[in-house]
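Engineer: Below is one structure. I have some questions about it.
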Amino acid sequence: MLELEAGAFDSSDFVTWQTEQAERENREHELLREQHRLKSLLAREAAFHVKQKLLEERRFTVARQQKANLKRLAEALTVKEQKQKEAVQVASSIAAMRKRSRLAALRIYSERKFVASHVRDETQKQLKSMREKLKADNERKTELIKKIRIAESAWLLEKSTASREIDFTYTPGLGLMEEMSLVELKERLELLRKQTEYARQVKRNAILNEKQKKNELILELLDRISRHKNARLAAVDSTTNTQKLCSTTSTGSDFSQLEHLKLEKQLSLLNKLKAERLALTGPKRAPPENISMINTLTKIHKKKFMENVQWRQGEKASFKVAQEYTDSMHHPKDHLRNSKPWKLPVFC
Numbered sequence: 192m193l194e195l196e197a198g199a200f201d202s203s204d205f206v207t208w209q210t211e212q213a214e215r216e217n218r219e220h221e222l223l224r225e226q227h228r229l230k231s232l233l234a235r236e237a238a239f240h241v242k243q244k245l246l247e248e249r250r251f252t253v254a255r256q257q258k259a260n261l262k263r264l265a266e267a268l269t270v271k272e273q274k275q276k277e278a279v280q281v282a283s284s285i286a287a288m289r290k291r292s293r294l295a296a297l298r299i300y301s302e303r304k305f306v307a308s309h310v311r312d313e314t315q316k317q318l319k320s321m322r323e324k325l326k327a328d329n330e331r332k333t334e335l336i337k338k339i340r341i342a343e344s345a346w347l348l349e350k351s352t353a354s355r356e357i358d359f360t361y362t363p364g365l366g367l368m369e370e371m372s373l374v375e376l377k378e379r380l381e382l383l384r385k386q387t388e389y390a391r392q393v394k395r396n397a398i399l400n401e402k403q404k405k406n407e408l409i410l411e412l413l414d415r416i417s418r419h420k421n422a423r424l425a426a427v428d429s430t431t432n433t434q435k436l437c438s439t440t441s442t443g444s445d446f447s448q449l450e451h452l453k454l455e456k457q458l459s460l461l462n463k464l465k466a467e468r469l470a471l472t473g474p475k476r477a478p479p480e481n482i483s484m485i486n487t488l489t490k491i492h493k494k495k496f497m498e499n500v501q502w503r504q505g506e507k508a509s510f511k512v513a514q515e516y517t518d519s520m521h522h523p524k525d526h527l528r529n530s531k532p533w534k535l536p537v538f539c
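Following my numbering, the numbering of the sequence shown begins with 192 at its first residue and continues without gaps.
What follows is the structure in structure tokens.
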């Protein structure tokens, strides 16, 4: 204890151990970066070979389809020529038939015209004679009716109890078919007008009530949408604050140790695929092997991924808060999730 208090020992062993641990971690990170780089290059080479194979298959199928198309085109041309010849023959035969039918139609039209004129003259003569007979019969009937009425009214006028004249405008039920009077007809028309007016008023009130109910439903929906939006904004503000606190305390995950043999196998496979690609396409400019640039790209992708994850978490939290605030058991619809300004509808 006295030697320790006097400073007999130093921290050289701890420093060496700390440097060894730092070097080991650096080597692990370097091996991990090298493995990611080799995997990406292997994926590119494999994609190139797959693309070459697909191109060969497409060329083969295109050539086969072109041959089949040429064969079908030649067959179609022969069929078309044959159809054209047949169409010319059919057209010539149809033209001859139309000419013959036109001549026959003209001959039939002239015959029909002659027959129609003859029939019209005969019918006019018969109708004229019938009209003369009917006119004579009507005159004879009217004379007989006049004589009968005079004979019937003569003996009534001689009695002292002869009926007086009746005013049919105020006395219903005395006509030939017991027609109603003009006063009764006016009353019924007035009642019908009042009934139609009452039915129109009832229909108008029903339409106004239905329109008022629709307006109330729309206003309720607008109120609910505004409540959802306010709750969502409050949830987004709270989630952004929590995400800022979590980002300051987040730490990286530990990576497992990599084996050198696995890296050597991947490198040999990559060189083999690259040689095959160069043999097919010729030499190209080699991609830059700058480790710092690769690290920068990986950091950018990681940052974007974390931003997307945080945004999704914020959306879920805002939906949950909106449900609790509005006492709704379902998720908001798609037209309620956007952040665009909402316009009031115009009611006609």
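Glycine included, every Cβ here is placed at the ideal spot set by N, Cα and C.
Suppose you measure from the CA of Leu-268 to the CA of Thr-252; what does that come to, to the nearest Å?
Structural biologist: Stepping through the sequence shown from its first residue, residue 268 is reached at position 77. Stepping through the sequence shown from its first residue, residue 252 is reached at position 61. Straight-line Cα distance between these residues: approximately 24 Å.
Engineer: With a threshold of 7 Å on Cβ separation, who are the neighbours of Glu-498 within its own chain once the five nearest residues in sequence on each side are excluded?
Structural biologist: Here residue 498 is taken as the residue at index 307 of the sequence shown, counted from 1. Result list for Glu-498: empty, nothing under 7 Å.
Engineer: May I have the straight-line CA-CA distance separating His-419 from Gln-501, to the nearest angstrom?
Structural biologist: Residue numbering aside, residue 419 sits at position 228 when the sequence shown is read from its first letter. Residue numbering aside, residue 501 sits at position 310 when the sequence shown is read from its first letter. Approximately 21 Å, taken between the alpha carbons.
Engineer: Per DSSP, what kind of secondary structure is Pro-478 in: helix, strand or coil?
Structural biologist: Start at 1 with the first residue of the sequence shown, and residue 478 comes out as number 287. Interpretation of Pro-478 is limited by its pLDDT of 45, a score under 50 that renders its predicted location unreliable; the figure taken from the coordinates is listed afterwards. Correct three-state label for Pro-478: coil.
Engineer: So, are the CB atoms of Thr-431 and Ala-508 less than 8 Å apart?
Structural biologist: The residue you call residue 431 lines up with position 240 of the sequence shown. The residue you call residue 508 lines up with position 317 of the sequence shown. For Thr-431 and Ala-508, no; Cβs fall outside 8 Å.
Engineer: So what's Ser-292 in DSSP terms, helix, strand or just coil?
Structural biologist: Residue numbering aside, residue 292 sits at position 101 when the sequence shown is read from its first letter. Helix at Ser-292.
Engineer: Output the distance between the C-alpha atoms of Lys-242 and Leu-223, rounded to the nearest integer angstrom.
Structural biologist: One-based indexing of the sequence shown puts residue 242 at position 51. One-based indexing of the sequence shown puts residue 223 at position 32. Distance between the alpha carbons of Lys-242 and Leu-223 is about 29 Å.
Engineer: Which whole-angstrom value describes the C-beta separation of Glu-214 and Leu-461, a residue pair presumed to lie in contact below a C-beta threshold of 8 Å?
Structural biologist: Your numbering for residue 214 matches position 23 in the sequence shown. Your numbering for residue 461 matches position 270 in the sequence shown. With a Cβ gap of about 27 Å, Glu-214 and Leu-461 do not count as contacting.
Engineer: Could you tell me whether the Cβ atoms of Val-427 and Gly-505 are closer together than 8 Å?
Structural biologist: As a position in the sequence shown, residue 427 is number 236, starting the count at 1. As a position in the sequence shown, residue 505 is number 314, starting the count at 1. Cβ distance < 8 Å, so Val-427 and Gly-505 count as in contact.
Engineer: In whole angstroms, what is the alpha-carbon distance linking Ala-327 and Met-321?
Structural biologist: The residue given as residue 327 occupies position 136 in the sequence shown. The residue given as residue 321 occupies position 130 in the sequence shown. Answer to the nearest angstrom: the Cα atoms are 10 Å apart.
Engineer: Quick check on the burial criterion: 16 or more other C-beta atoms within 10 angstroms. Buried or exposed for Ala-342?
Structural biologist: Counting from one through the sequence shown, the residue named residue 342 turns up at place 151. Burial call: exposed.
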